[in-house]
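Visitor: There's a structure below that I have some questions on.
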């Protein structure tokens, strides 16, 4: 399987939070944003929303810091996941996550990290505006260039 990563386009995010609801339903069979592994952060003063989701760091600090080795890399997806049986809820991983993508399950008191839904992220599937994408790593640069070209075209139209 080609390794893929989650890519977020905050310019397309409307802040509807459907991704949070779908995530909690897929994992816990309840619509509860507090149990979502993706979080939409609102930047009121800037006027945009930004979905925050685990980026499966190559040298993931959460994996290194876990005292009981409860956080692991999935060999199939390359994503990070938590062995809930091992997790002691110490929250060290939350402290070291560079993007704040780890949260605490309010029911189990154990951590939650995006596990990419086993390679078929439901948030991506249900995002109506396509603000979320699950793309091959070798396509990320292409997508960024394509976005930049669109912005240049918009600026050229203003001239």
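In the working numbering, the protein residues as written are 1084 to 1242.
The beta carbon of each residue, even a glycine, is placed where N, CA and C say it ideally should be.
1. Taking only runs that begin and end inside the region 1101-1184, name each unbroken alpha helix (DSSP H) of 4 or more residues, in chain order.
2. Taking just the CA atoms, how far does residue 1220 sit from residue 1101?
3. Between which two residues does the beta strand (DSSP E) harbouring residue 1215 extend?
4. Considering residue 1095, what are the terminal residues of the alpha helix (DSSP H) in which it resides?
5. Could you check which residue in 1175, 1210 and 1208 has the C-alpha nearest to that of residue 1149?
6. With DSSP as the reference, label residue 1087 as helix, strand or coil.
7. Is it right to say residue 1212 is buried, meaning 16 or more other beta carbons lie within 10 angstroms of its own, or is it exposed?
8. Rounded to whole angstroms, what's the CA-CA distance from residue 1188 to residue 1232? Just pull it up for me.
9. Helix or strand or just coil, what does DSSP make of residue 1232?
Guide: Here's the rundown:
1. 1101-1111, 1144-1148 and 1175-1179
2. 25 angstroms
3. 1215-1219
4. No alpha helix (DSSP H) holds residue 1095; DSSP gives it neither H nor E.
5. 1175
6. strand
7. exposed
8. 41 angstroms
9. helix
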